[in-house]
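In our numbering, the protein residues as written are 1054 to 1107.
Virtual Cβ for every residue (Gly too), placed ideally from N, Cα, C.
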């Protein structure tokens, strides 16, 4: 299974990393993409409306 990590900002979307996850592997998707898997507390974010880009 292909994994992709994307970032977005005011200029658009950018693909940051790609990796391949094999079912049955001992690696976690977080390890393949070299990212943290800490759970976020969404209540701590100040949510604002997003304006549609297109």
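Cβ neighbours of residue i in the same chain (closer than 7 Å, five flanking residues each side left out)
i	result
residue 1115	Residue coverage of the chain in this structure runs from 1054 to 1107, which leaves residue 1115 outside it and unanswerable.
Close Cβ partners of residue i (< 8 Å) along its chain, the five nearest in sequence each way excluded
i	result
residue 1076	1054
residue 1104	none
residue 1040	In the structure as shown, the chain starts at 1054 and stops at 1107, and residue 1040 therefore has no counterpart that could be examined.
Beta-carbon separation (whole angstroms), residue i vs residue j, contact threshold 8 Å
i	j	result
residue 1074	residue 1088	About 13 Å separates the two Cβ atoms, so there is no contact after all.
Which listed residue (the options) has its alpha carbon closest to that of residue i
i	options	result
residue 1106	1065, 1083, 1080	1065
C-alpha distance - residue i paired with residue j, whole-angstrom precision
i	j	result
residue 1078	residue 1095	31 Å
residue 1099	residue 1093	13 Å
residue 1062	residue 1102	14 Å
residue 1097	residue 1060	20 Å
6 Å Cβ shell around residue i - same chain, five flanking residues per side excluded
i	result
residue 1090	1083
Quick one: which unbroken alpha helix (DSSP H) runs of 4-plus residues sit fully inside the stretch 1066–1091? Chain order, please. 1082–1086
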